[in-house]
Amino acid sequence: MSQELLHCPKCQMNFDKYTRTPQMLPKCGHSMCMQCLKESCKIICPEDGLLQPTDLSLYPINQAVLRIICKTQDNDITQNQDKLQQCPQHHKLLELICIDDKCRICANCALFGIHKQHNIQNAESVDKSIQDNLIQTQHLTLTIQDKVKLLKLPLINKKIHDQIRLCIKQQQTLAEEQFKEIINQILAKQQKVLEEIEQKYELLEDQFLKKETLTITSILDKADLWILGSNQKIQEYHETKVKGEIAYSLLLQDSSNKQGKQILEEIDDYLLKFQNNLQDIVSAIPTVNQYEQTYFDEPNILKDLSIIEQSFLKEIDEKPPHNEFLGSSLPESTCQSQPSSNNISQNAISPQQPHQKRSSQQFVLVSPKIQSRQQSASPKKPIVKKKLNTKIESILFNCNGDYLDLSQQDLGDEGIMILEEQIRNKKVKIIKFMRNRISDVGAIKLMELHCQVLYLQSNVITEKFLDMIMNAIQKQIQIHIKTVYLGQNLINQFRVKKKIEDLKKLGISIQI
Numbered sequence: 001m002s003q004e005l006l007h008c009p010k011c012q013m014n015f016d017k018y019t020r021t022p023q024m025l026p027k028c029g030h031s032m033c034m035q036c037l038k039e040s041c042k043i044i045c046p047e048d049g050l051l052q053p054t055d056l057s058l059y060p061i062n063q064a065v066l067r068i069i070c071k072t073q074d075n076d077i078t079q080n081q082d083k084l085q086q087c088p089q090h091h092k093l094l095e096l097i098c099i100d101d102k103c104r105i106c107a108n109c110a111l112f113g114i115h116k117q118h119n120i121q122n123a124e125s126v127d128k129s130i131q132d133n134l135i136q137t138q139h140l141t142l143t144i145q146d147k148v149k150l151l152k153l154p155l156i157n158k159k160i161h162d163q164i165r166l167c168i169k170q171q172q173t174l175a176e177e178q179f180k181e182i183i184n185q186i187l188a189k190q191q192k193v194l195e196e197i198e199q200k201y202e203l204l205e206d207q208f209l210k211k212e213t214l215t216i217t218s219i220l221d222k223a224d225l226w227i228l229g230s231n232q233k234i235q236e237y238h239e240t241k242v243k244g245e246i247a248y249s250l251l252l253q254d255s256s257n258k259q260g261k262q263i264l265e266e267i268d269d270y271l272l273k274f275q276n277n278l279q280d281i282v283s284a285i286p287t288v289n290q291y292e293q294t295y296f297d298e299p300n301i302l303k304d305l306s307i308i309e310q311s312f313l314k315e316i317d318e319k320p321p322h323n324e325f326l327g328s329s330l331p332e333s334t335c336q337s338q339p340s341s342n343n344i345s346q347n348a349i350s351p352q353q354p355h356q357k358r359s360s361q362q363f364v365l366v367s368p369k370i371q372s373r374q375q376s377a378s379p380k381k382p383i384v385k386k387k388l389n390t391k392i393e394s395i396l397f398n399c400n401g402d403y404l405d406l407s408q409q410d411l412g413d414e415g416i417m418i419l420e421e422q423i424r425n426k427k428v429k430i431i432k433f434m435r436n437r438i439s440d441v442g443a444i445k446l447m448e449l450h451c452q453v454l455y456l457q458s459n460v461i462t463e464k465f466l467d468m469i470m471n472a473i474q475k476q477i478q479i480h481i482k483t484v485y486l487g488q489n490l491i492n493q494f495r496v497k498k499k500i501e502d503l504k505k506l507g508i509s510i511q512i
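For the sequence shown, the UniProt record's numbering assigns the number 512 to the last residue and increments by one with no breaks.
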């Protein structure tokens, strides 16, 4: 066979049975080495110019060429071994190796000569040690090459971009839910808020991409240098082996494999930290100017609308509202309810106006100005008392234990007023009212129950609810509930930290 068939037509390097194995091109039958295939973005046969597929699994090893290579290398090794010189002093074969002096010696040199008591090893064991070291190096190389594929910047950028877009979409959805029940004046300003949200996240995306690009570039540089060095060692070993010599420079375990392991650990650590950073990306929103009061034509509208005070417009600059991307859900829309005649709810709702006469009209979370305009625009309608649906009545009828779950029943504050009368004296220890559009009014009404644990997650409760509880305690109204869960409501947990601690000292645990 011609010697031209024993080397790669692209890089002109000899084929071998390690990193430059002869791979047969599927469309023409010519061969290229595996190293050239891996390094080529577009594979074109150097012999006839045919474009080849990109899937490397379609390139089988050219066994005929590989057998010739192996046979040639074995013949070279045999010929070199036959040429081993005899020891000039003892006239015996130089079949041993002195590790200390890095030379071949005979048995008598090892037992009686100047190499006595030196580190003497069999030539085969020395070669085996070198091969084992290089096999470990090769395995590390393949592992790092596989891990490096996960560090492709387009893939990382796409994940960051998709995650940012998800945050933008959910924040916009939250804003739309907040604004849906508010007057037309606020709805006209909604688009400006959405645009500011997108600008914030786009700024965050740009900063995040720059940071990750620097980190990945640093890791890739280290990995490329290490892979280049390891390939050079493997090539050096093959060249030395063909010559019948010993690659003494590769004999001892150097620090390169240790560096390879460190690079591998660094890649794994980065991928883990990157995944965690994606989950916490919302918490990294940069600080921007507070929202302008000029969003609204009426200067006092934010002050009048208490539900907006605690919602998206005021808190987004401090800390983004939780969403399903962070393990929580969007709150339901605002709700309406009738005032209660119970001591806790009456005293807690307006602690600073005890003598104010309560309206018999339905309690609505809007300003007095807006309410007066609404009343003048439409005639009063008689209030129809809401009845519980058959599903809720069935749940109450079948409740005989310590646990009652009324989550996702769309009760609202009005439903809570009706329901509280029916379950007030039930001997139930744990009650769940999650996702029911309950506001502060309905929540303080539920504090009259005789249960021990109350679940109120995913409603529209604000921090004023905590003030109502504190006010009821100060008025020495007895509260039986010991633990209240308020996650995923309109409450900033950092702003109410002091109130939670004060309530805890009074025997009521608030969990957000």
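We put the beta carbon where it would ideally sit given N, CA and C, even for glycine.
- Annotated as proximal: M34 and Q23, with beta-carbon spacing under 8 Å.
- Under the three-state reduction of DSSP, Y18 is assigned to coil, being neither helix nor strand.
- Counting C-beta pairs closer than 8 Å gives three or more between the segment 478-494 and the segment 450-467, which meets the contact rule.
- When the five nearest sequence neighbours on each side are left out, the beta carbons in the same chain lying within less than 8 Å of the beta carbon of I97 are those of C103, R104, I105, I120, Q121, N122, A123, V126, I246, in order along the chain.
- The C-alpha of Q191 is placed about 33 Å away from the C-alpha of F433.
- As for any alpha helix (DSSP H) of minimum length 4 sitting wholly inside the segment 186-254, the runs are 190-242, ordered along the chain.
- When secondary structure is reduced to three states using DSSP, V453 falls in the strand class.
- If you draw a 10 Å sphere on the C-beta of Y455, you find 16 or more other C-beta atoms in it, and that means buried.
- Q422 and F397 have their C-alpha atoms spaced approximately 11 Å apart.
- For S509, the enclosing beta strand (DSSP E) begins and ends at 509-511.
- Contact between the segment 229-247 and the segment 132-152 is established, with three or more Cβ pairs separated by less than 8 Å.
- DSSP places T143 outside any beta strand (DSSP E); the residue lies instead in the alpha helix (DSSP H), whose first and last residues are 123-148.
- Contact between K10 and P60 is absent: CB atoms are separated by about 18 Å, not below the 8 Å threshold.
- Note that the C-beta distance between N459 and N436 is below 8 Å.
- Look at the segment 386-471 and you find these whole runs of alpha helix (DSSP H), each 4 residues long or longer: 390-397, 412-423, 440-446.
- Closest option to I500, judged by alpha-carbon separation, among K464, E266, L150, L155: K464.
- Under the criterion of beta carbons closer than 8 Å, I267 and I219 qualify as touching, at roughly 6 Å.
- Secondary structure at Y485: strand, using DSSP grouped into helix, strand and coil.
- Looking at V428, R424, E420, E414, the one whose alpha-carbon comes closest to that of L404 is V428.
- Close CB contacts of A110 within its chain, under the 6 Å cut and outside five residues either way in sequence, are with L96, I120 (chain order).
- If you check the CB distance, I416 and I438 come in under 8 Å.
- In the three-state DSSP reduction, R495 falls in the coil class, being neither helix nor strand.
- Inter-residue distance for E39 and D100 is about 40 Å (C-alpha atoms, whole angstroms).
- With 16 or more other Cβ atoms from the protein chains shown falling within 10 Å of its own Cβ, T21 counts as buried.
- Residue nearest to I512 within the set Q488, E4, K504 is Q488 (criterion: CA-CA distance).
- Per DSSP, C87 is not a residue of any beta strand (DSSP E), being assigned neither H nor E.
- Following the DSSP letters along the chain, one finds C109 inside the alpha helix (DSSP H) bounded by residues 107-111.
- In this structure, the alpha-carbon of T390 lies about 54 Å from that of Q207.
- Closest in C-alpha terms to T462, from the list L486, G244, L446, Q474, comes L486.
- Taking 8 Å as the cut-off, the Cβ atoms of N276 and L140 do not count as close.
- Note that the C-beta distance between W226 and Q259 is below 8 Å.
- Counting along the chain, I97 sits inside the beta strand (DSSP E) bounded by residues 96-98.
- Residue environment: E414 is assigned as buried (16 or more neighbouring CB atoms within 10 Å of its CB, all protein chains considered).
- Beta bridge pairing from DSSP links I44 with L51.
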